[in-house]
Structures are given as structure tokens and as C-alpha cells.
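Visitor: One structure follows; several queries about it will come next.
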Amino acid sequence: MRNQFEEALHFRHACKLFDTAKKITEEDLHFILDAGRLAPSSFGMEGWEFRVVQSGTLKEQLKPLCWDQPQITTCSDLVVLLSRKNMRSTNPYVVEQFRPRGEHFERYLQVYHDFVDPRSDEEINCWSGKQVYIASGFIMMAAASIEIDSCPIEGFDKEKVEALLGIDTENFEIQHLIALGYRVNEQPPRHRRPFEDVVRFL
Ligand SMILES: Cc1cc2nc3c(=O)[nH]c(=O)nc-3n(C[C@H](O)[C@H](O)[C@H](O)COP(=O)(O)O)c2cc1C
């Protein structure tokens, strides 16, 4: 299992061009997206939703709004990762997420209230958005584990893409996109800072 994970780590890179002739099967796509669904989130809030763009027409319309990046139109599937907004303890979604806590429901809601509610709207939305990045890592690694390529994408015009996709911006916002598919080119050499510079044992 460790070796397989390591292989997936080295397989994954930000793929810039996908093979338009190759499509991800429904079963593989489900496996990949389910990894995002199963990702951890603070308080178990799961404050995310995923939209999957498969329509070629929609991809063509999105491309100019995404810095004209070729990943948008060459990928098999384009995942749009949304985070929930307005996540104060009074939001019915938040309350419902705590229901499975049973007898601990009130206590969880109180701790959540004390942790989240004193923050500004902007801070709370930012906190909610951070959770989505965890799901994103799971999605990309799940894809790599079955030799499917990915590219995370933050280079896009948020307002315009939200408008084009008809996102309910009262309650959701786009955090980023992930293009999924099969590489055309060889993976370039990876640049990373040395382990010793990044990790310090205390
Ligand atoms: C949140 C996020 C947003 C990114 N946005 C883009 C993007 O818009 N376009 C792009 O080509 N790469 C994008 N990247 C890819 C990074 O440039 C890439 O991950 C980094 O250079 C390391 O390379 P590697 O992923 O191939 O190891 C993004 C990466 C992350 C994590």
C-alpha cells in the first residue's frame, strides 16, 4: 500500500495538456469524486459540492474565462469545487450536519458557535474554502492512484465562471477547478525544496 501511494505521488503532476480522444469511465470518475466526498473537514462540515463539466460546448465557453488554458478544453472532465458560504451556527445546513452527533448535538453546536461565529463573514467564508482544498488533494491523489492525470486550476475569472455555470452565489462560491484526463506529454522533472529545508523535528 505504501509503495502504491508513493507511485501515485510520483505519477501526479500538474498536467497541462490532455488527450482529447481518451475519456474517463463513469466508474473511475465516481471513484475519484468519492475520494473528495470522503475527505476530512473541520467539525465534519463537508461544506463542499462538486460540479462536473462534461459538455464540450460549456468547456469552450469556459476556456476564455480561464486564462485560455488548454487543460479546460482538452480534459475529459472538469471538476468545479464549491465551498458553502454563511456557515454560522444558525445556518440550517450547519445544524443538520451536527444531527448525527446524537446526544452530543448541543455541545458540538455550542463549540462550533464559539469557534466560528465571532469571526467576520469574510473569515468564515475563507475558513470554509480551506476545507475544499483538502478534498481537492484527495481527488487528485485518487485520480493518480488509477493513473488518471489532473491539473488544479486557480487561474480563472471567478465571477464570470460562477455566472456562466449558474452558481447560487448567495450560498456557494468556487474555490478552484480540477481538470481530469490522460496526459499527452511526458511528465516534466519535478522541482521541490529539499526535505531538510521543509521539515523540522522539534
Ligand atoms: C491551488 C492550485 C492552483 C493552481 N492553478 C494552476 C493553474 O491555473 N494553471 C496551471 O497550469 N497550474 C496550476 N497549478 C499547478 C501548479 O503550478 C503546480 O502544482 C506546481 O507548479 C507544482 O507542480 P506539480 O504539481 O507538477 O508537481 C495550481 C496548483 C494549485 C495547488
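The numbering of the sequence shown is my numbering, which starts it at 820 and goes up by one.
Just so it is clear, CB atoms sit at the ideal spot from N, CA and C, and this is done for glycine as well.
1. For N1004, collect the residues of the same chain with a Cβ closer than 7 Å to its Cβ; drop the 5 residues on either side in sequence, then sort them by chain order.
2. Pick helix, strand or coil for Q873, following the three-state DSSP scheme.
3. Is the beta carbon of C834 sitting closer than 7 Å to the one on C970?
4. Where DSSP assigns a beta bridge to E992, which residues make up the other side?
5. Once the 5 residues before and after V951 are set aside, which same chain residues still bring their CB inside 8 Å of it?
6. Could you have a look at A998 and say whether DSSP puts it in helix, strand or coil?
7. Mind reading off the beta-carbon distance from G931 to D968? Whole number of angstroms is fine, and I expect it under 8 Å.
8. To the nearest whole angstrom, what separates the beta carbons of L983 and L881, a pair I think is in contact under 8 Å?
9. Going straight from the alpha carbon of H829 to that of R926, what length do you get?
10. Just the C-alpha distance for P1034 and M820, rounded to the nearest angstrom, thanks.
11. Would you mind stating whether A858 and A961 have Cβ atoms separated by less than 7 Å?
12. What does the Cβ neighbour count give for R831, buried or exposed, with the cut at 16 atoms within 10 Å?
13. Cutting at 7 Å between CB atoms, please list the residues of its own chain near Q873, excluding the five before and the five after it.
14. Please find out if some non-hydrogen atom of ligand 1 comes closer than 6 Å to the beta-carbon of G974.
Guide: Quick answer:
1. Residues L836 of the same chain have their beta carbon placed closer than 7 Å to that of N1004, with the five preceding and five following residues left out of the count.
2. DSSP places Q873 in the coil class of the three-state scheme, outside both helix and strand.
3. Yes. Within cutoff.
4. DSSP lists S902 as partners of E992.
5. Closer than 8 Å at Cβ, skipping near neighbours: G866, W867, L900, L901, S902, Q994 and H995.
6. Strand.
7. The question names Gly, but residue 931 in the sequence shown is Tyr. About 38 Å separates the beta carbons of Y931 and D968, which is beyond the 8 Å limit, so they are not a contact pair.
8. Their Cβ separation, rounded to whole angstroms, is 7 Å, which keeps L983 and L881 in contact under 8 Å.
9. Approximately 43 Å between the Cα atoms of the pair.
10. Residue numbering for the chain in the displayed model covers 820 to 1021; residue 1034 lies beyond these limits and cannot be assessed.
11. No, the pair does not count as a contact, with Cβ atoms beyond the cut-off.
12. With at least 16 other beta carbons inside 10 angstroms of its own, R831 counts as buried.
13. Contacts found: D896.
14. Result yes, Cβ under 6 Å from ligand 1.
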